[in-house]
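Counting from 1, position 270 in the sequence shown corresponds to residue 355 in our numbering; the numbering is continuous, with no gaps.
Even glycine gets a Cβ: it sits at the ideal position worked out from N, Cα and C.
All of these numbers come straight from a predicted model, not from anything done at the bench.
Reading through the structure tokens given below for one structure.
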Amino acid sequence: MYLLSDLLGKPAAAIDTPALVIDLDAMERNLASMAAFAAKHQVKLRPHAKMHKSATLAKLQMAHGAVGVCVQKTAEAEALAALGVNNIYISNEVVSPFKLKRVVALAKELQALGGQLAIAVDSLEGLQRLAQAADGQHTLIRVFIEIDVGHGRCGLAPGAAAVPLAAEIARHPALQLGGLQAYHGRAQHFRAVSDRHAGIAQVVAHVQATKAALEAAGHAVPLVTGAGTGTFSLETASGVYGELQAGSYLFMDRDYASNERDPAQPQFEHALFVKSQVMSVCASHAVVDAGHKSHAIDSGLPAVHGLDLEYTNGGDEHGILRGAALPALGDTVWLIPGHCDPTVNLHDHLLGVRGGLQHGTVEQIIRVDARGALT
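Below is the structure:
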């Protein structure tokens, strides 16, 4: 029987395929670079744990200066909290009465442990539902008003629309205005640096207008939080943001690496790979055993690491490699996923390798604690 625990201390070559592997050395360099950036610019770092869904990695980030983590789902927050992550922001709307009971219970649990829970809202009705769930529960929940700064997803229109929500928060002793949630997800993947600069300039203008409207109505804005791996240096340079939510920097997927690099940001390395093996070869192509069930394709197909080969669609269980110099039957091929977040969610464990993919050894088995935590 193939047991993951038997891999500890063994060479990376012993990992069966397909498997999701972390280059620990590269990941730790990414971790240090981001921590140094935040410290240098005196901004808080709250990485998005929806990317790795792992309490081990969340606590590692907090040990390196992060104030806490973000998640998108109540179940993600519950899974991480159960394993000791005590400062969590659900940077998303929750309106189901059943889920809000869970949110309040989690807030009480974290508060009892010296931690804190925060959540985003973008409607008066949603806010009132949260207040009703928290009424009489002897807890305090930080609330961030989400504004739509260009993504076209959740969020109020920027400006005065936030004022009634701030007034409503002030009416409820269980709620506290944390500030503004302002994240432009699409801007993270604008390929040209100039386009990202233009996009975030508009974001900042929206934030400033909303902040001014709130302050004119007598509501202090303690914090503006947002930003991602593609643009975080721009939000930082604005002087408006006090907290960064970048998450993918830790693993650096193929899609983010396709962006034109902004010299104002640290350069991150690929640290997440799908280990695959060549299972068939013919004159025109080779086939590996890592298909769509091993990596997400919403941001495109994976890149082949270190080889001049193109990965093309082979279906659920197969990947087709084309190029001038094909690998041989049984060869290992390392793939760089197009999008790390949903790729991680396909796996139960991440295998941490120290000393490089080719000659390193398996040092860690990291559980994907919030895999499938969708509610």
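Note to self: By alpha-carbon positions, which one of H236, S181, R238 ends up nearest to N211?
What the structure shows: In the sequence on display, residue 211 carries Gly and not Asn. Among H236, S181, R238, the Cα nearest to that of G211 is on S181.
Check: For S318, is the classification buried or exposed, using 16 other Cβ atoms within 10 angstroms of its Cβ as the cut-off for buried?
Finding: buried
Note to self: Suppose contacts are defined by Cβ-Cβ distances below 8 Å. Is Q196 in contact with T224 by that definition?
What the structure shows: yes
Next item on the list: Can you give me the Cβ contacts of P243 inside the same chain, cut-off strictly under 6 Å, excluding the 5 residues immediately before and after it?
Entry: I232, H291, A294, T295
Margin query: For A409, count the other beta carbons within 10 Å of its own beta carbon; 16 or more makes it buried, fewer makes it exposed. Which is it?
Written below: exposed
Note to self: Within the continuous beta strand (DSSP E) that includes Y396, where are the two ends?
What the structure shows: 395 to 398
Next item on the list: Could you tell me if L191 is buried or exposed, where buried requires 16 or more neighbouring beta carbons within 10 angstroms of its beta carbon?
Entry: buried
Check: With distances taken from CA atoms, which of V206, L105, M136 is nearest L165?
Finding: M136
Next item on the list: Report yes if the C-beta distance between P103 and S361 is below 8 Å; otherwise report no.
Entry: yes
Checklist line | Boundaries (first-last residue) of the alpha helix (DSSP H) holding K186 | finding: 182 to 197
Note to self: Run through the DSSP bridge pairs and tell me what T446 is partnered with.
What the structure shows: P96, R439
Check: Near E328, which residues of its chain fall below 7 Å by C-beta distance, leaving aside the five closest residues on each side in sequence?
Finding: V128, K129, R131, L308, T310
Item checked: Presumed contact (8 Å Cβ cut-off) between V325 and V278, rounded CB distance -> Not quite, the Cβ-Cβ distance comes to about 20 Å (not below 8 Å), so this is no contact.
Check: Quick one, are the C-beta atoms of V154 and A134 less than 8 Å apart?
Finding: yes
Margin query: Quick check on this structure: which residue in D347, L459, V438 has the alpha carbon closest to the alpha carbon of E113?
Written below: V438
Note to self: Taking DSSP's pairing of strands, which residues face V106 in a bridge?
What the structure shows: F358, L436
Check: Would G263 pass as a contact of V228 if the rule is Cβ separation under 8 Å?
Finding: yes
Margin query: Helix, strand or coil, according to DSSP, for G170 in the structure here?
Written below: The identity of residue 170 in the sequence shown is Val, whereas the question assumes Gly. Coil, per DSSP.
Note to self: Out of D340, V363, T321, I173, which one is the CA nearest neighbour of E354?
What the structure shows: D340
Next item on the list: Determine, using beta carbons only, whether A48 and I175 come nearer to each other than 8 Å.
Entry: Absent from the structure is residue 48, since the part of the chain shown begins at 86 and ends at 460.
Check: To which residues does DSSP link S323 through a beta bridge?
Finding: For S323, which the question treats as bridged, DSSP gives no partner whatsoever.
Notebook entry, point to check: Do you know offhand how far S461's Cα is from V372's?
Noted result: The question about residue 461 has no answer here: the residues shown for the chain are numbered 86 through 460.
Margin query: Given this structure, state the Cα-to-Cα distance separating N171 from L411, to the nearest angstrom.
Written below: 49 Å
Notebook entry, point to check: Is it right to say H432 is buried, meaning 16 or more other beta carbons lie within 10 angstroms of its own, or is it exposed?
Noted result: buried
Next item on the list: Would you list the one or two residues that DSSP bridges to R238?
Entry: Beta-bridge pairing links R238 to no other residue.
Next item on the list: Quick one: grab the DSSP three-state call for E328.
Entry: strand
Checklist line | Beta-carbon proximity list for G333, same chain, < 6 Å, skipping 5 on both sides | finding: Residue 333 is actually Ser in this sequence, not Gly. So the list reads M136, T314, Y341, C425, once near-sequence residues are dropped.
Check: So, are the CB atoms of V447 and L92 less than 8 Å apart?
Finding: yes
Notebook entry, point to check: Taking the alpha carbon of A97 as the point to measure from, which residue in T460, H444, A458 has its own alpha carbon closest?
Noted result: H444
Notebook entry, point to check: If you compare alpha carbons, which of Q266, L241, P249, E320 is closest to Q273?
Noted result: E320
Next item on the list: Spatial neighbours of Q146 within its chain, please: CB distance less than 6 Å, with the 5 preceding and 5 following residues excluded, ordered by chain position.
Entry: P132
Next item on the list: Spell out the partners DSSP gives Q266 in its beta bridges.
Entry: E231, T310
Notebook entry, point to check: Where does M119 land, buried or exposed, given buried means 16+ other C-beta within 10 angstroms?
Noted result: buried
Check: Which residues in the same chain have their Cβ closer than 7 Å to the Cβ of P422, if we skip the five residues on either side of it in sequence?
Finding: D338, R339, L357, V359, H380, A381, P387, T428
Note to self: Using 8 Å for Cβ pairs, my map puts L250 next to L209. What's the rounded Cβ distance?
What the structure shows: 6 Å
Checklist line | Minimum C-alpha distance to F122 - residue among Q217, A349, Q213 | finding: A349
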